[in-house]
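Shown next, in C-alpha coordinates, is the structure this report addresses.
Printed below as a string of C-alpha coordinates:
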(Lines of atoms letter the chains of each structure in order from A and count residues from 1; the text may use other names and numbers.)
(Lines give C-alpha, C1' and ligand atoms only; values in the text may rest on other atoms or scores of the structure.)
Protein backbone atom coordinates (compact mmCIF):
# COMPACT_ATOMS: atom_id res chain seq x y z
CA UNK A 1 0.00 0.00 0.00
CA UNK A 2 1.43 3.37 -1.04
CA UNK A 3 2.11 5.93 1.62
CA UNK A 4 0.38 9.29 1.69
CA UNK A 5 3.75 10.94 1.00
CA UNK A 6 4.17 8.80 -2.15
CA UNK A 7 0.70 9.69 -3.34
CA UNK A 8 1.47 13.40 -2.98
CA UNK A 9 4.68 13.02 -4.98
CA UNK A 10 2.74 11.55 -7.91
CA UNK A 11 0.23 14.38 -8.11
CA UNK A 12 0.75 16.45 -11.29
CA UNK A 13 1.55 20.15 -11.05
CA UNK A 14 -1.59 21.78 -12.43
CA UNK A 15 -0.22 25.29 -12.88
CA UNK A 16 2.93 27.32 -12.42
CA UNK A 17 5.18 29.92 -13.99
CA UNK A 18 7.78 29.06 -16.60
CA UNK A 19 10.41 31.29 -18.23
CA UNK A 20 10.82 31.09 -21.99
CA UNK A 21 14.29 32.27 -23.08
CA UNK A 22 15.39 33.81 -26.38
CA UNK A 23 19.04 34.04 -27.50
CA UNK A 24 20.02 37.59 -28.52
CA UNK A 25 23.80 37.21 -28.71
CA UNK A 26 26.79 35.02 -27.94
CA UNK A 27 30.53 35.13 -27.51
CA UNK A 28 33.23 34.22 -25.02
CA UNK A 29 33.63 35.49 -21.47
CA UNK A 30 35.28 34.72 -18.14
CA UNK A 31 32.70 32.65 -16.28
CA UNK A 32 32.71 33.52 -12.55
CA UNK A 33 31.18 30.11 -11.85
CA UNK A 34 33.65 27.96 -13.80
CA UNK A 35 36.57 30.28 -13.14
CA UNK A 36 37.79 30.26 -16.75
CA UNK A 37 37.14 31.36 -20.32
CA UNK A 38 33.88 29.92 -21.67
CA UNK A 39 31.37 30.48 -24.44
CA UNK A 40 28.14 32.19 -23.46
CA UNK A 41 24.67 33.01 -24.71
CA UNK A 42 23.02 36.33 -23.89
CA UNK A 43 19.37 35.64 -23.13
CA UNK A 44 16.20 37.63 -22.65
CA UNK A 45 12.97 36.00 -21.65
CA UNK A 46 9.40 36.31 -20.54
CA UNK A 47 7.44 34.46 -17.92
CA UNK A 48 4.34 32.49 -18.85
CA UNK A 49 1.63 30.99 -16.72
CA UNK A 50 1.55 27.25 -17.44
CA UNK A 51 -1.33 24.82 -17.03
CA UNK A 52 -0.37 21.13 -17.06
CA UNK A 53 3.02 22.18 -18.42
CA UNK A 54 1.59 24.14 -21.36
CA UNK A 55 2.65 27.83 -21.45
CA UNK A 56 -0.35 30.11 -21.82
CA UNK A 57 -0.57 33.64 -20.44
CA UNK A 58 2.40 36.07 -20.30
CA UNK A 59 3.41 37.15 -16.81
CA UNK A 60 6.10 39.73 -17.62
CA UNK A 61 9.63 39.90 -18.99
CA UNK A 62 12.87 38.83 -17.31
CA UNK A 63 16.57 39.13 -18.01
CA UNK A 64 18.77 39.83 -19.77
CA UNK A 65 21.15 37.21 -18.41
CA UNK A 66 24.37 35.58 -19.56
CA UNK A 67 24.29 31.79 -19.66
CA UNK A 68 27.56 29.86 -19.53
CA UNK A 69 27.69 27.15 -22.20
CA UNK A 70 29.66 24.88 -19.85
CA UNK A 71 28.00 25.09 -16.43
CA UNK A 72 24.65 26.56 -17.63
CA UNK A 73 24.70 29.04 -14.76
CA UNK A 74 23.04 32.42 -15.33
CA UNK A 75 24.95 35.60 -14.53
CA UNK A 76 24.18 39.31 -14.68
CA UNK A 77 25.29 41.08 -17.90
CA UNK A 78 28.02 42.79 -15.87
CA UNK A 79 29.91 39.47 -16.02
CA UNK A 80 30.88 40.44 -19.58
CA UNK A 81 32.82 43.43 -18.21
CA UNK A 82 35.49 41.09 -16.85
CA UNK A 83 38.10 40.38 -19.56
CA UNK A 84 38.78 36.83 -20.61
CA UNK A 85 42.07 35.30 -19.56
CA UNK A 86 43.41 35.79 -23.08
CA UNK A 87 42.31 39.42 -23.21
CA UNK A 88 43.64 40.12 -19.71
CA UNK A 89 47.07 38.75 -20.66
CA UNK A 90 47.13 40.99 -23.74
CA UNK A 91 46.12 44.03 -21.67
CA UNK A 92 48.92 43.33 -19.18
CA UNK A 93 51.52 42.96 -21.94
CA UNK A 94 50.39 46.21 -23.50
CA UNK A 95 50.53 47.96 -20.12
CA UNK A 96 54.11 46.89 -19.42
CA UNK A 97 55.20 47.82 -22.95
CA UNK A 98 53.59 51.28 -22.73
CA UNK A 99 55.08 52.01 -19.29
CA UNK A 100 58.48 50.93 -20.59
CA UNK A 101 58.26 53.28 -23.58
CA UNK A 102 57.14 56.17 -21.35
CA UNK A 103 60.07 55.68 -18.96
CA UNK A 104 62.56 55.42 -21.83
CA UNK A 105 61.12 58.51 -23.50
CA UNK A 106 61.48 60.42 -20.24
CA UNK A 107 64.98 59.24 -19.32
CA UNK A 108 66.55 58.68 -22.72
CA UNK A 109 67.92 55.60 -24.46
CA UNK A 110 71.63 56.36 -24.48
CA UNK A 111 72.39 53.90 -21.68
CA UNK A 112 72.74 50.27 -22.78
CA UNK A 113 72.05 49.22 -19.18
CA UNK A 114 68.65 50.90 -19.34
CA UNK A 115 67.84 49.30 -22.69
CA UNK A 116 68.83 45.88 -21.37
CA UNK A 117 66.56 46.33 -18.35
CA UNK A 118 63.74 47.52 -20.60
CA UNK A 119 64.03 44.57 -22.99
CA UNK A 120 64.15 42.10 -20.10
CA UNK A 121 61.01 43.63 -18.58
CA UNK A 122 59.05 43.56 -21.83
CA UNK A 123 60.10 39.99 -22.62
CA UNK A 124 59.12 38.83 -19.14
CA UNK A 125 55.66 40.29 -19.84
CA UNK A 126 55.29 38.00 -22.85
CA UNK A 127 56.68 39.96 -25.81
CA UNK A 128 59.49 37.51 -26.52
CA UNK A 129 60.60 39.07 -29.80
CA UNK A 130 61.30 42.52 -28.34
CA UNK A 131 64.81 43.87 -29.02
CA UNK A 132 66.82 46.88 -27.94
CA UNK A 133 66.76 48.17 -31.49
CA UNK A 134 62.96 48.06 -31.60
CA UNK A 135 62.57 49.98 -28.35
CA UNK A 136 65.21 52.51 -29.38
CA UNK A 137 63.49 53.14 -32.72
CA UNK A 138 60.03 53.62 -31.18
CA UNK A 139 61.34 56.01 -28.53
CA UNK A 140 63.20 58.04 -31.15
CA UNK A 141 59.97 58.42 -33.10
CA UNK A 142 58.16 59.51 -29.94
CA UNK A 143 60.88 62.08 -29.20
CA UNK A 144 59.28 64.42 -31.77
CA UNK A 145 56.11 64.46 -29.65
CA UNK A 146 57.17 67.18 -27.18
CA UNK A 147 53.79 68.56 -26.12
CA UNK A 148 54.90 71.38 -23.86
CA UNK A 149 52.21 73.75 -22.70
CA UNK A 150 50.61 75.32 -19.69
CA UNK A 151 48.20 73.17 -17.71
CA UNK A 152 49.39 69.98 -19.36
CA UNK A 153 49.64 66.63 -17.62
CA UNK A 154 53.15 66.37 -16.07
CA UNK A 155 53.71 63.19 -18.08
CA UNK A 156 53.06 65.16 -21.27
CA UNK A 157 56.01 67.40 -20.42
CA UNK A 158 58.14 64.34 -19.76
CA UNK A 159 57.28 61.97 -22.61
CA UNK A 160 54.96 63.84 -24.98
CA UNK A 161 51.17 64.13 -25.02
CA UNK A 162 50.51 61.13 -27.26
CA UNK A 163 52.29 58.71 -24.94
CA UNK A 164 50.85 60.40 -21.85
CA UNK A 165 47.32 59.90 -23.18
CA UNK A 166 48.15 56.31 -24.10
CA UNK A 167 49.32 55.64 -20.55
CA UNK A 168 45.87 56.51 -19.24
CA UNK A 169 44.05 54.70 -22.04
CA UNK A 170 46.02 51.51 -21.50
CA UNK A 171 46.33 51.46 -17.70
CA UNK A 172 42.93 52.78 -16.60
CA UNK A 173 40.89 49.85 -18.07
CA UNK A 174 43.35 47.34 -16.60
CA UNK A 175 43.48 48.74 -13.06
CA UNK A 176 40.04 47.49 -11.84
CA UNK A 177 40.98 43.92 -12.77
CA UNK A 178 44.36 43.92 -10.99
CA UNK A 179 44.83 43.37 -7.27
CA UNK A 180 46.82 46.04 -5.46
CA UNK A 181 49.97 43.90 -5.60
CA UNK A 182 49.60 43.57 -9.37
CA UNK A 183 49.21 47.32 -9.89
CA UNK A 184 52.22 47.96 -7.69
CA UNK A 185 54.22 45.42 -9.70
CA UNK A 186 53.56 47.28 -12.97
CA UNK A 187 54.72 50.54 -11.37
CA UNK A 188 57.86 48.93 -9.91
CA UNK A 189 58.83 47.41 -13.26
CA UNK A 190 58.92 50.93 -14.68
CA UNK A 191 60.87 52.14 -11.65
CA UNK A 192 63.56 49.47 -12.10
CA UNK A 193 64.08 50.55 -15.71
CA UNK A 194 64.43 54.18 -14.65
CA UNK A 195 66.91 53.24 -11.91
CA UNK A 196 69.06 51.03 -14.14
CA UNK A 197 71.45 53.93 -14.88
CA UNK A 198 71.19 55.76 -11.55
CA UNK A 199 68.68 57.81 -9.53
CA UNK A 200 65.42 59.01 -11.08
CA UNK A 201 65.62 62.16 -13.13
CA UNK A 202 62.74 64.63 -12.72
CA UNK A 203 61.05 63.52 -15.95
CA UNK A 204 61.20 59.83 -14.98
CA UNK A 205 59.64 60.58 -11.59
CA UNK A 206 56.86 62.56 -13.28
CA UNK A 207 56.08 59.71 -15.64
CA UNK A 208 56.10 57.11 -12.86
CA UNK A 209 53.83 59.29 -10.73
CA UNK A 210 51.40 59.45 -13.67
CA UNK A 211 51.63 55.65 -14.03
CA UNK A 212 50.68 55.26 -10.37
CA UNK A 213 47.73 57.60 -10.80
CA UNK A 214 46.51 55.77 -13.91
CA UNK A 215 46.76 52.49 -11.98
CA UNK A 216 44.54 53.99 -9.25
CA UNK A 217 47.25 53.82 -6.62
CA UNK A 218 47.08 56.44 -3.85
CA UNK A 219 49.69 59.17 -4.30
CA UNK A 220 51.31 58.34 -0.94
CA UNK A 221 51.64 54.68 -1.92
CA UNK A 222 53.20 55.60 -5.26
CA UNK A 223 55.76 57.86 -3.54
CA UNK A 224 56.52 55.15 -0.97
CA UNK A 225 57.04 52.47 -3.63
CA UNK A 226 59.31 54.67 -5.74
CA UNK A 227 61.39 55.58 -2.71
CA UNK A 228 61.69 51.94 -1.66
CA UNK A 229 62.75 50.92 -5.17
CA UNK A 230 65.44 53.60 -5.16
CA UNK A 231 66.85 52.21 -1.89
CA UNK A 232 66.93 48.62 -3.17
CA UNK A 233 70.29 47.58 -4.64
CA UNK A 234 69.99 46.61 -8.32
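Residue numbers (UniProt numbering): 1 to 234. Cβ atoms here follow ideal geometry from the backbone N, Cα and C, with glycine treated the same way.
| query | Would you say residue 130 and residue 119 are within 8 Å of each other, going by their C-beta atoms? | reply | For the purposes of this step, residue 130 is identified with residue 130 of the chain shown, where counting begins at 1. For the purposes of this step, residue 119 is identified with residue 119 of the chain shown, where counting begins at 1. Against a cut-off of 8 Å, the Cβ pair of residue 119 and residue 130 comes out as a contact.
| Exposed or buried, which one is residue 189 when buried takes at least 16 other CB atoms within 10 Å? | Position 189 of the chain shown, counted from the first residue, corresponds to residue 189. It is buried - the Cβ of residue 189 has at least 16 other Cβ atoms within 10 Å.
| said: Give me the residue from 91, 102 and 166 with the minimum Cα distance to residue 205. | reply: Position 205 of the chain shown, counted from the first residue, corresponds to residue 205. The option with the nearest alpha carbon to residue 205 is 102.
| said: Which residue marks the beginning of the alpha helix (DSSP H) containing residue 182, and which one marks its end? | reply: Working through the chain shown from its first residue, we reach residue 182 at position 182. Taken as a continuous stretch (DSSP letters only), the alpha helix (DSSP H) holding residue 182 covers 180-195.
| said: Between 67, 41, 91 and 79, which has its C-alpha nearest residue 178's C-alpha? | reply: Here residue 178 refers to the residue found at position 178 of the chain shown. Nearest of 67, 41, 91 and 79 to residue 178, Cα basis: 91.
| task | Output the boundary residues of the alpha helix (DSSP H) element that contains residue 104. | result | Position 104 of the chain shown, counting from 1, holds the residue named residue 104. From DSSP, the alpha helix (DSSP H) with residue 104 extends over 85-107.
| Reference residue 193, options 116, 222 and 61, closest by Cα | Position 193 of the chain shown, counting from 1, holds the residue named residue 193. The option with the nearest alpha carbon to residue 193 is 116.
| In the DSSP assignment, what are the bridge partners of residue 40? | Residue numbering aside, residue 40 sits at position 40 when the chain shown is read from its first letter. Per DSSP, 27 and 68.
| task | Would you mind reading off the limits of the alpha helix (DSSP H) that contains residue 206? | result | Residue mapping note: residue 206 aligns to position 206 of the chain shown, counting from 1. 202-214 is the extent of the alpha helix (DSSP H) around residue 206.
| said: Tell me the residue span of the alpha helix (DSSP H) that contains residue 199. | reply: Walking along the chain shown from the start, residue 199 turns up at place 199. Taken as a continuous stretch (DSSP letters only), residue 199 belongs to no alpha helix (DSSP H), as it is neither H nor E.
| query | To the nearest angstrom, how far is it from the Cα of residue 127 to the Cα of residue 33? | reply | Position 127 of the chain shown, counted from the start, is the residue given in the question as residue 127. Position 33 of the chain shown, counted from the start, is the residue given in the question as residue 33. The straight-line gap from Cα to Cα measures roughly 31 Å.
| C-alpha gap between residue 287 and residue 37, whole angstroms | In the structure as shown, the chain starts at 1 and stops at 234, and residue 287 therefore has no counterpart that could be examined.
| query | What's the C-alpha gap between residue 28 and residue 35? | reply | Residue mapping note: residue 28 aligns to position 28 of the chain shown, counting from 1. Residue mapping note: residue 35 aligns to position 35 of the chain shown, counting from 1. The straight-line gap from Cα to Cα measures roughly 13 Å.
| field | Sufficient close CB pairs (3 or more, under 8 Å) joining the stretch 209-217 to the stretch 161-180 | value | yes
| field | residue 83 versus residue 31 - alpha carbon distance | value | Translated into the one-based positions of the chain shown, residue 83 becomes position 83. Translated into the one-based positions of the chain shown, residue 31 becomes position 31. Each residue's Cα considered, the two are about 10 Å apart.
| Taking the Cβ atom as the reference point for each residue, do residue 207 and residue 143 lie within a distance shorter than 8 Å? | Stepping through the chain shown from its first residue, residue 207 is reached at position 207. Stepping through the chain shown from its first residue, residue 143 is reached at position 143. The answer is no: Cβ separation not under 8 Å.
| field | For residue 74, the residue or residues it bridges with in DSSP | value | Reading the chain shown from its first residue, position 74 is the one you call residue 74. According to DSSP, which records beta bridges pairwise, residue 74 is partnered with 67.
| Where the alpha helix (DSSP H) containing residue 124 begins and where it ends | By 1-based counting over the chain shown, the position of residue 124 is 124. 112-124 is the extent of the alpha helix (DSSP H) around residue 124.
| Between the CA atoms of residue 99 and residue 187 - distance to the nearest angstrom | Here residue 187 refers to the residue found at position 187 of the chain shown. Here residue 99 refers to the residue found at position 99 of the chain shown. The alpha-carbon atoms of residue 187 and residue 99 are separated by roughly 8 Å.
| In terms of alpha-carbon separation, which member of 113, 125, 108 and 121 lies closest to residue 137? | Working through the chain shown from its first residue, we reach residue 137 at position 137. Out of 113, 125, 108 and 121, 108 has the C-alpha closest to the C-alpha of residue 137.
| Which listed residue (22, 211, 110 and 80) has its alpha carbon closest to that of residue 197 | Position 197 of the chain shown, counting from 1, holds the residue named residue 197. For the residues 22, 211, 110 and 80, the minimum Cα distance to residue 197 belongs to 110.
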